[in-house]
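Read through the structure below, which is laid out as structure tokens, and then see the notes.
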Amino acid sequence: RKEVEQDPGPFNVPEGATVAFNCTYSNSASQSFFWYRQDCRKEPKLLMSVYSSGNEDGRFTAQLNRASQYISLLIRDSKLSDSATYLCVVNQAGTALIFGKGTTLSVSS
Amino acid sequence: EPEVTQTPSHQVTQMGQEVILRCVPISNHLYFYWYRQILGQKVEFLVSFYNNEISEKSEIFDDQFSVERPDGSNFTLKIRSTKLEDSAMYFCASSVTGDEKLFFGSGTQLSVL
């Protein structure tokens, strides 16, 4: 099974900062893409799906570049509550989700 | 909001013992999964289950592992003879269609001594 690679961080930013995470995936047959959020010792929770046209949900923007097999997540106006690990997740049709190791974000006041 | 429930939240066992981890998926979901996460590592896929049979499994899911949906609501993961390296957080998840959002339970922390 091919891998999903992420910069592990940690990213340490002040409140109000803009921060971007990147992810690459190696299987060109991947069809669905997601960002999950995981708090310490908790279960992963879906943050947002990632669509080819790019999509935005409030302060969060996700982009997909299929040609480069690259996914990004942009967080604007960071809040203390954004501190977590952000997991890049991909799958092919009909197969299980494959998780990256995650990028840790720490937002400080 | 409906949720996936897992029991127990913590399980301590001796090496070589059998353990059963239990999950109740969301009631109208059709696809069920087990994932595990060793401390400090990534979330790893173990097995998916649909229509009362395994639809996919990883190389981690060897003969020591089995899954069952005994009564239409519970979904269990059995480890026949636990090893030290089985110590991890085990997450159950379910989804409606299998290709979209997974709902995870809060996990069972398994410690093998």
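Sequences listed follow chains H and P, in order.
According to this note's numbering, the first sequence holds residues 56 to 164 in order.
According to this note's numbering, the second sequence holds residues 6 to 118 in order.
Heads up, the beta-carbon is just placed ideally off N, CA and C, and yes, glycines get one too.
Since the model is a prediction, treat every value here as computed from it, not as a measurement.
Does any residue of chain H bring its CB to less than 9 angstroms from the CB of residue i?
i	result
G77 of chain P	no
V29 of chain P	no
F96 of chain P	yes
S111 of chain P	yes
K106 of chain P	yes
F70 of chain P	no
K83 of chain P	no
Q16 of chain P	no
Using only CA atoms, which one of the options lies nearest to residue i?
i	options	result
F80 of chain P	P:M20, P:V48, P:S99	P:S99
Y55 of chain P	P:W39, P:V9, P:V17	P:W39
G64 of chain H	H:F76, H:R114, H:E70, H:Q124	H:F76
T116 of chain H	H:S83, H:Q86, H:S133, H:P69	H:S133
S32 of chain P	P:D91, P:S111, P:E6, P:E61	P:E6
E105 of chain P	H:K100, H:S107, H:S87	H:S87
G113 of chain H	H:D137, H:P99, H:A122, H:S123	H:D137
S81 of chain H	H:T158, H:A122, H:T150	H:A122
L119 of chain H	H:S83, H:K97, H:T158	H:S83
K100 of chain H	H:T150, H:Y141, H:R131	H:Y141
A139 of chain H	H:G157, H:T150, H:Q124	H:G157
R27 of chain P	P:L89, P:D76, P:D67, P:L107	P:D76
S53 of chain P	P:K47, P:S92, P:D67, P:S63	P:S63
E111 of chain H	H:D62, H:K97, H:L128	H:L128
E23 of chain P	P:G45, P:S92, P:V9	P:S92
Taking the beta carbon of residue i as the centre, do at least 16 other beta carbons fall within 10 Å, making it buried, or is it exposed?
i	result
I43 of chain P	exposed
R92 of chain H	buried
P30 of chain P	buried
R41 of chain P	buried
S116 of chain P	exposed
S85 of chain H	buried
Q19 of chain P	exposed
E70 of chain H	exposed
I59 of chain P	exposed
T150 of chain H	buried
E98 of chain H	buried
Whose C-beta lies closer than 6 angstroms to the C-beta of residue i among residues of the same chain, with five residues either side of it excluded?
i	result
V101 of chain P	H34
K83 of chain P	I25, S71
V144 of chain H	F89, Y91, L152, F154
E61 of chain P	S53
F37 of chain P	P30, F54, F80, S99
V59 of chain H	Y80, C143, V145, I153, G155
D94 of chain H	A139
V17 of chain P	S116
Q114 of chain P	H15, M94
Does DSSP classify residue i as helix, strand or coil?
i	result
D67 of chain P	coil
L107 of chain P	coil
R56 of chain H	Its pLDDT being 49, under 50, R56 of chain H is placed unreliably in this model, and the coordinates cannot settle the point.
S136 of chain H	helix
L35 of chain P	coil
Looking at the C-beta of residue i, does it have a partner C-beta in chain P at a distance below 9 angstroms?
i	result
R96 of chain H	yes
L128 of chain H	no
G155 of chain H	yes
Q118 of chain H	no
L160 of chain H	no
Q93 of chain H	yes
S104 of chain H	yes
K100 of chain H	yes
Kindly list the residues whose CB is nearer than 8 angstroms to the CB of residue i, restricted to its own chain and excluding five residues on each side of it in sequence; keep chain order.
i	result
V68 of chain H	V74, S133, L160, S161, V162, S163
Kindly list the residues whose CB is nearer than 7 angstroms to the CB of residue i, restricted to its own chain and excluding five residues on each side of it in sequence; keep chain order.
i	result
Q69 of chain P	I84, R85, S86
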